[in-house]
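These protein sequence lines map, in sequence, to chains A and B. Taken in order, the first sequence gives residues 739 to 852; the numbers are from our numbering. Taken in order, the second sequence gives residues 1148 to 1262; the numbers are from our numbering. In this text, a Cβ means the ideal position worked out from N, Cα and C, and glycines have one as well.
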Amino acid sequence: DTGVSQDPRHKITKRGQNVTFRCDPISEHNRLYWYRQTLGQGPEFLTYFQNEAQLEKSRLLSDRFSAERPKGSFSTLEIQRTEQGDSAMYLCASSSGTIPYEQYFGPGTRLTVT
Amino acid sequence: AQSVAQPEDQVNVAEGNPLTVKCTYSVSGNPYLFWYVQYPNRGLQFLLKYITGDNLVKGSYGFEAEFNKSQTSFHLKKPSALVSDSALYFCAVRAIKAAGNKLTFGGGTRVLVKP
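Printed below as a string of structure tokens:
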């Protein structure tokens, strides 16, 4: 399978705990994106990497959230001190550097904060 | 700022009938436009895109979309719907000259195709 993969697929955690998600993009894609999707809504942009550089961050990405892409390959998204409002599906996407940069999405990580 | 509106939360259609899912957008300058489909507990699957040129774009699984610049619309269409087309559909936009690459999505339209 050469698509975008995400791990874990599901995560249940208690409020106040830290969680980390991983995304492996399509291998030849140099651009990687994180989105958050709550029930019944469209995905909302969180952050964007070009290679290892984090070029854009949404205001949705509070200081409890941090994302990295250390070698320009896989990426991690960490949420510290989780809150119930963090419960959502976290989607990762990747794209090539070719216009119009259509993004291909992974299956998502569903986070439930209890 | 860029935005997308999908005015219908749900569209019901009988199998074999034409399907239309509406999308209007707002963006500074010219847009790139996309349609994605989402099945339960799965990520978004790319259907088709508009870059420039022909206003009628053909995509996967028999879907097509018509770009109308004057009405700022990009409606998704399928001539003959299948039960398996039942899913959540999202329209997304990105301004061509946007500095970043983020997509802005609509709220989604649930399509229910009845046998």
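7 Å CB neighbourhood of residue i in its chain, flanking five on each side removed
{"i": "Asp1232(B)", "result": "Leu1166, Lys1225, Val1258 and Val1260"}
{"i": "Gly1255(B)", "result": "Gln1153, Leu1235, Tyr1236 and Phe1237"}
{"i": "Gly1176(B)", "result": "Ala1242, Ile1243 and Lys1244"}
Same chain, Cβ closer than 8 Å to residue i, five either side skipped, listed in chain order
{"i": "Asn1164(B)", "result": "Ser1227 and Ala1228"}
{"i": "Gln1185(B)", "result": "Leu1191, Gln1192, Ala1234, Leu1235, Tyr1236, Phe1237 and Gly1255"}
{"i": "Gly741(A)", "result": "Ile764, Tyr842 and Gly844"}
Within chain A, the residues that residue i reaches when beta carbons sit closer than 7 Å
{"i": "Gly1190(B)", "result": "Leu829, Phe843, Gly844, Pro845 and Gly846"}
Under 8 Å by beta carbon: chain A residues contacting residue i
{"i": "Val1196(B)", "result": "The question names Val, but residue 1196(B) is Lys in the sequence shown. Those are Pro838 and Glu840, listed as they occur along chain A."}
{"i": "Phe1210(B)", "result": "Ordered by position in chain A, no residue passes the 8 Å Cβ test against Phe1210(B), which lies about 15 Å from the chain."}
Cutoff 6 Å; reference residue i; Cβ partners in own chain excluding five residues on either side
{"i": "Thr776(A)", "result": "Ala826"}
{"i": "Phe1214(B)", "result": "Tyr1197, Asn1202 and Phe1221"}
Partner residues on chain A for residue i, Cβ-Cβ distance less than 9 Å
{"i": "Gly1253(B)", "result": "Gly780"}
{"i": "Phe1193(B)", "result": "Glu840, Gln841, Tyr842 and Phe843"}
{"i": "Phe1133(B)", "result": "Because chain B here runs from 1148 to 1262, residue 1133(B) falls outside it and cannot be looked at."}
CB-CB length for residue i against residue j, believed under 8 Å
{"i": "Pro838(A)", "j": "Tyr1179(B)", "result": "4 Å"}
{"i": "Pro781(A)", "j": "Leu770(A)", "result": "With a Cβ gap of about 14 Å, Pro781(A) and Leu770(A) do not count as contacting."}
Residues of the stretch 1161-1184 of chain B in Cβ contact with chain A at a cutoff of 8 Å, in chain order, please. Tyr1179, Phe1181 and Tyr1183
Could you name the residues of the stretch 831-846 of chain A whose beta carbon sits closer than 9 Å to any beta carbon of chain B, in the order they occur along the chain? Ala831, Ser833, Ile837, Pro838, Tyr839, Glu840, Gln841, Tyr842, Phe843, Gly844, Pro845 and Gly846
Relative to chain B, which residues along the stretch 763-782 of chain A have a C-beta separation below 9 Å, given in chain order? Arg769, Tyr771, Tyr773, Gln775, Gly778, Gln779, Gly780, Pro781 and Glu782
Name the residues in the stretch 1219-1237 of chain B whose C-beta lies less than 7 Å from a C-beta of chain A; which are they? Phe1237
Could I get the ranges of all uninterrupted beta strand (DSSP E) runs contained in the stretch 1186-1230 of chain B, with 3 residues as the minimum, in chain order? Correct list: 1191-1197, 1203-1205, 1211-1215 and 1220-1225.
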